[in-house]
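Protein chains in written order, with the UniProt record's numbering: chain S, 1 to 372; chain V, 1 to 372. We put the beta carbon where it would ideally sit given N, CA and C, even for glycine. Working notes, structure below.
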């Protein structure tokens, strides 16, 4: 029995949007889904119960961060990441690849893997396909991601082609190390930058390995939105219909709509909690910058259409006061609201697909919200 | 009908410790009680529901801070502090006196009041007895504190005598401004430094005004513990038995015991939440510095005897990881534990008084805990 399976429930009549369900050892996930990010074994400023209460069925955590601190062996000794962080629903871990590539001068790529220096203490380390799977095994996530190389944007064709081919070779090594175990799934990652034929090549190479799911990497890395949409449109067509599709690192409301419309099932992004810590909220009427002086005596909720804990109990004036006073409760309340907003948005999107009115719902939302 | 009344339930057989009940417009408070501090209209890193769940019946908030930010008029427009901060139990506000005196060079004391510059933006302000009552009226606290002058330690007799006499004159002005209203009580504050005869003089002057409660100010300001205990012993004797007694700014476990033993009913301190943000916890076995390397692989709870949310769900290894990673959840979980610890300690103290075994309980506690 595979650790993770996908069931297609319904296809939208007018777009590639689809309603599905992913089954994992830690419960089922209704898709399309937004996954809150818990980088260092905590969704920042949130108790796990809050994240559950708002309906999150899966969170993402980071291999690179947990490998360096506290160390994957400690998480393994604690009984795995679920137990360590008090989260009993599904967890997806990334491979650490994206983080080590982002280290710039601090890393060196070879066929074996990536040698890098820790951003915390400068110590020397090596992440490879085998090492990444070893770490993710210790973490005990339900879905492990393959160790890939994410080409930057822009990048020339030769670089991108070499990079995607190495990603495929690394994926084979990941699959070997993973060995189709019963309690953890492995997802492959498509690369290929902004070159459609390279995307096709990457997709064909990774789909051949018949993995439980596939991610689209290397998008939303700085390219214009139109280009992202155009490439994504193609990417999804190369992926099998009976496996979940995950667009990595995407989480603004408009990108979620564009991704769902093109057939993506899973998304993740640090955005909702990160902007919360900077006093920014996503609301049904668009962005709210709580620092703004006009909220000083605004005793209405952050989002009058929202039923989250924050909007039920506090005013904009209070939230502004907390932010201006550097109070921790500010990050707690705004993080709660922003995550609730995206999780609730995905709930509405799923319903819209079920009722064959996805495009209408998208239009309605854009009309009220604007682009983020 | 007075806004706040005190009922003496039981006196300890061997000490001056007493079990009582304070009734306020926002519920009753079982005493002796520890009051969590919510300086800027939030108990730092805590949702108000958490503070309620652990059994807090009253919190303290700060006039000086709220006067400057967001401004008491805004809190009044919000419907008062209870509504603004989503706390429906009792609130005690200090007068701002202690904070403005602590500003040092930034303030100037006259008979009228204290002229000072804001620690936030350097703007010029005046706090006086009347102004303090005006601000506390806007905040709508259940218990307002008189605007007093807290003499530093050490201070010479002449300074302390002048200061306490001014405090009495200011108290009369506070009482005049308060005018025995139905929904808010006014507590007077005894001063007199470390001079027993001056403490007596101060007590006699303020008790004559027949207020709903009395605080002991100017203790635990840097003097040795023995001196504090000696002075406190005297102070309490000068206060009426039918009114609550509040020892300001005291909150380490050993000082709570010493205060209760000498007949004090109410305490407050920022300590539990402040040390939490620095990775320190109070536990039944004494202090725990969660940063310590020995907790790296310690998968036991912070305090095995504690049933708080933190101890029920997380290990020392996880708490250490959160602190080392600068995660907000670290402050949230340790604040929760430390407040729970003190509130639970007061619950046990109340029970011990009811069962005439206060001194035995104190001995037991010191035996396990040591001094803080």
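Distance between residue 66 of chain V and residue 72 of chain V, taken at the CA atoms: about 6 Å. Pairing residue 143 of chain S with residue 187 of chain S gives a Cβ-Cβ distance under 8 Å.
With a 10 Å radius around the Cβ and a threshold of 16 neighbouring Cβ atoms, residue 370 of chain S comes out exposed. At a cut-off of 8 Å between beta-carbon atoms, residue 313 of chain V makes contact with chain S. The beta carbon of residue 127 of chain V lies closer than 6 Å to those of 96, 100, 113, 114 in the same chain, with the five residues before and after it left out. At least one CB atom of chain S sits nearer than 8 Å to the CB of residue 70 of chain V. Residue 15 of chain S and residue 264 of chain S have their alpha carbons spaced roughly 11 Å apart. Inter-residue distance for residue 81 of chain V and residue 304 of chain S is about 22 Å (C-alpha atoms, whole angstroms). Note that the segment 237-248 of chain V does not touch the segment 270-280 of chain V; fewer than 3 beta-carbon pairs, one per stretch, sit closer than 8 Å. By the 16-neighbour rule on beta-carbons within 10 angstroms, residue 227 of chain V is exposed. Around residue 170 of chain S, the same chain offers 129, 147 as residues with beta carbons nearer than 6 Å, after the five sequence neighbours per side are excluded. The C-alpha of residue 199 of chain V lies about 54 Å from the C-alpha of residue 307 of chain S. About 4 Å separates the beta carbon of residue 29 of chain S from that of residue 57 of chain S, a gap short enough to meet the 8 Å contact definition. Chain S places no beta carbon closer than 8 Å to that of residue 76 of chain V, leaving this residue out of the contacts.
Assignment of alpha helix (DSSP H) within the segment 203-262 of chain V, counting only whole runs of 4 or more residues, yields 225-237, 253-261 in chain order. Non-local beta-carbon contacts of residue 88 of chain V in its own chain, meaning distances under 7 Å to residues more than five positions away in sequence, involve 26, 82 in chain order. Identification of residues in the segment 300-324 of chain V having a C-beta nearer than 7 Å to some C-beta of chain S yields 313, 314, 315, 317, 318, 321, 322, 324, given in sequence order. Under the 8 Å Cβ criterion, the segment 283-290 of chain V does not count as touching the segment 32-42 of chain S, having fewer than three qualifying pairs.
According to the DSSP assignment, residue 365 of chain V belongs to the alpha helix (DSSP H) that extends over 358-369. Residue contact check for residue 327 of chain V against chain S: a CB pair falls below 8 Å.
Look at residue 140 of chain V here: in three-state DSSP terms it is coil, with no helix or strand label. Residue-level contact by beta carbon holds for residue 44 of chain S and chain V, with a gap shorter than 8 Å. Rounded to the nearest whole angstrom, the C-alpha separation of residue 211 of chain V and residue 38 of chain S is 53 Å. Counting the other Cβ atoms within 10 Å of the Cβ of residue 42 of chain V gives 16 or more, which makes it buried.
At a cut-off of 8 Å between beta carbons, residue 62 of chain S makes no contact with chain V. Between residue 302 of chain V and residue 316 of chain V a beta carbon distance of about 6 Å is seen, short of the 8 Å cut, so the two are scored as contacting.
Inside the segment 79-165 of chain S, DSSP marks whole beta strand (DSSP E) runs of 3 or more residues at positions 90-93, 107-109, 114-117, 124-127, 143-145, from first to last along the chain. Across the set S/173, S/246, S/124, the C-alpha of S/173 shows the shortest separation from the C-alpha of residue 133 of chain S. The beta-bridge partner set that DSSP reports for residue 287 of chain S consists of S/282. Against chain V, the CB of residue 297 of chain S has a partner CB under 8 Å away; the residue lies at that interface. Among the CB atoms of chain S, none fall inside 8 Å of the CB of residue 280 of chain V. Taking a C-beta distance under 8 Å as the contact criterion, residue 120 of chain S and residue 68 of chain S qualify as a contact pair. In the DSSP assignment, residue 6 of chain V falls within the unbroken beta strand (DSSP E) covering 5-11. Contacts with chain S (Cβ-Cβ distance below 8 Å) from the segment 74-102 of chain V involve 74, 77, 78, 79, 84, 85, 86, listed in chain order. Here the alpha carbon of residue 124 of chain S sits roughly 29 Å from the alpha carbon of residue 289 of chain V. With contacts defined as CB atoms closer than 8 Å, residue 262 of chain S and residue 295 of chain S fail to qualify as a contacting pair.
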